[in-house]
Amino acid sequence: ELRDWLRKLSSAQEEKAAADANAALQKKKGYAMLPDERNRIMALESQISEASQHVEMLSSILDVSNEFYMNSAFVTFASRIDAEIVLRLFSSDAEALFEAVVPPEASDIIWEDFQVDYRAQAVRTVVSYILIATLFFIVTPLVLIISTVASLATLQDMIPLLDTVVTQHPSIAAIWDGLIGALALSQIMAWLPTFLMIIFSRCRILRGKAIAQHVLQSWYMGFQVVFVLLVTAVGSSLAKTFQILVNHPTQIFSLLADTMPSSTAFYVNYVTLQWAAHAISLLRITVVMKYVLLRKLYEDSTARDMAEPEDQDFYGMGARSSRFSLLLMIGLVFC
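Each residue of the sequence shown is one higher than the one before, counting from 88 in this note's numbering.
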């Protein structure tokens with residue numbers, strides 16, 4: 088509330104200064120002040136007086152109350168040497184009452200995270216892990232279903248009617264085996280960054296948008312390695328595989344060696360599909376479409392500002408770097 092009144096006070100003072108300068112110029116030229124201009128200056132003086140009273144009242148409340156103080160502060164040092172000394176004296180390894188870190192860029196700061204009650208943050212962190220685990224167990228059966236239906240031969244064993252359809256239309260088998268499984272898995276993986284970012288923004292202290300992208304990249308990469316790269320080792324029976332690994336943990340390497348080579352065709356299709364997805368991202372087709380539609384309702388400059396940036400959950404550096412890293416990892420594993 089104090090920030091809003093300070094903004095109003097500053098705006099009214101700037102408008103009054105401009106109006107006073109214009110009135111002085113008119114007086115210098117020998118023109119009398121118009122009634123509308125006089126009324127406008129009086130209205131601005133009234134707004135300045137009202138805003139000043141509210142600022143003074145709210146400032147006095149802040150001075151006598153500890154309720155509104157935050158646990159963080161920004162300090163600007165006169166020299167780089169002083170800043171480095173403070174960073175080393177009050178680092179995370181030092182046993183001090185507070186910790187000094189390099190802050191994010193001003194335009195990148197998430198100001199709401201600096202107003203979080205740190206005493207309740209431990210509970211929020213636990214809740215975030217529970218939500219991530221819940222998301223994992225929700226996605227797991229979906230990915231297992233995809234791994235089952237990705238092969239038309241598996242579906243033919245389950246649904247004998249498909250034998251007739253495949254016999255009459257052989258091209259369906261090629262399209263299904265080459266596209267459906269990879270496309271369905273890509274769609275599920277595309278929604279994961281959004282859900283992960285919702286969890287992080289609600290339950291974590293990130294302080295900066297770049298930090299949020301780094302956290303998203305780490306967790307999203309883990310999800311992709313499990314559900315895209317290692318899903319073939321799980322197969323259709325998660326419980327059976329889990330029991331085998333609990334009883335014989337060292338068998339995980341032989342399990343991967345036995346199951347992953349037989350899935351190379353699926354990963355060839357998956358990587359090929361990702362080429363198209365990354366090409367669409369680099370061409371920024373979504374932004375262009377939004378701009379073309381919005382320019383019919385707004386001016387070109389306004390439409391451009393409203394069309395950008397893209398959804399930072401999926402198109403941000405965190406998720407995008409994770410997807411590129413996964414393609415590199417697939418190439419290293421199967422080559």
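No residue lacks a Cβ here, since even glycine has one placed at the ideal position from N, Cα and C.
Remember, it's a predicted structure, so these values are computed and weren't measured experimentally.
Item, Value
"With respect to the alpha helix (DSSP H) encompassing PHE421, which residues constitute its N-terminal and C-terminal limits?", "404 to 421"
"Which same chain residues, not among the five before or five after ASP174, have their C-beta less than 6 Å away from its C-beta?", "Here residue 174 turns out to be Leu, not Asp, going by the sequence shown. Result list for LEU174: ALA187, in chain order."
"Alpha carbons only, please: which of GLN140, SER409, VAL142 and ASP195 is nearest the one belonging to ARG305?", "First, the residue type needs correcting, since residue 305 is Ser and not Arg in the sequence shown. Checking every option, the nearest Cα to that of SER305 belongs to SER409."
"Please work out which residues of its chain come closer than 6 Å, Cβ to Cβ, to GLY405, disregarding the five sequence neighbours upstream and downstream, and give them in chain order.", "GLN300, LEU303 and GLN304"
"What residue does the alpha helix (DSSP H) around ARG294 start on, and which one ends it?", "It is not in any alpha helix (DSSP H) - ARG294 carries neither H nor E in the DSSP assignment."
"Ordered along the chain, which non-local residues of its own chain (more than five positions away) have a Cβ less than 8 Å from that of MET129?", "none"
"Specify the secondary structure class of ILE285 as computed by DSSP and reduced to three states.", "helix"
"Would you report the Cα separation of THR373 and PRO396, rounded to the nearest angstrom?", "10 Å"
"Going by beta carbon distance, what residues of the same chain come within less than 8 Å of VAL142, once the five residues before and after it are set aside?", "LEU89, TRP92, LEU93 and LEU96"
"For the candidate residues TYR216, TRP278 and ILE262, whose alpha-carbon lies nearest to that of LEU229?", "TRP278"
"Assuming ARG291 and THR212 are in contact, meaning their beta carbons sit under 8 Å apart, how far apart are those beta carbons, in whole angstroms?", "7 Å"
"Three-state secondary structure (DSSP) at ILE246?", "coil"
"Helix, strand or coil for ILE197? Go by DSSP, reduced to three states.", "coil"
"Determine the contact status of ARG289 and ASP200, defining contact as a CB-CB distance below 8 Å.", "no"
"Is the beta carbon of LEU222 within less than 7 Å of some heavy atom of the ligand SAM?", "This structure lacks the ligand SAM; in fact it carries no ligand of any kind."
"Would GLN311 be called buried (16 or more neighbouring beta carbons within 10 Å of its own) or exposed?", "buried"
"Taking only the alpha-carbon atoms, compute the straight-line gap between VAL313 and ALA138 and give it to the nearest angstrom.", "57 Å"
"With a CB to CB cut of under 8 Å and the five nearest residues on each side skipped, what residues in its chain are close to ALA110?", "MET120, GLU124 and ILE128"
"Which same chain residues end up closer than 8 Å to GLN338 when comparing Cβ atoms and leaving out the 5 residues on each side of it in sequence?", "ILE331 and LEU332"
"For LEU149, which three-state DSSP category applies?", "helix"
"Tell me whether SER341 sits in a helix, a strand or coil according to DSSP, three-state version.", "helix"
"With distances taken from CA atoms, which of VAL358, TYR402 and VAL355 is nearest LEU370?", "TYR402"
"Counting only runs that start and end within the segment 98 to 152, where is the alpha helix (DSSP H) found for 4 or more residues in a row?", "122 to 151"
"From ASN126 to THR163, what distance separates their C-alpha atoms?", "43 Å"
"Out of curiosity, what's the CA-to-CA distance linking LEU317 and ALA394?", "37 Å"
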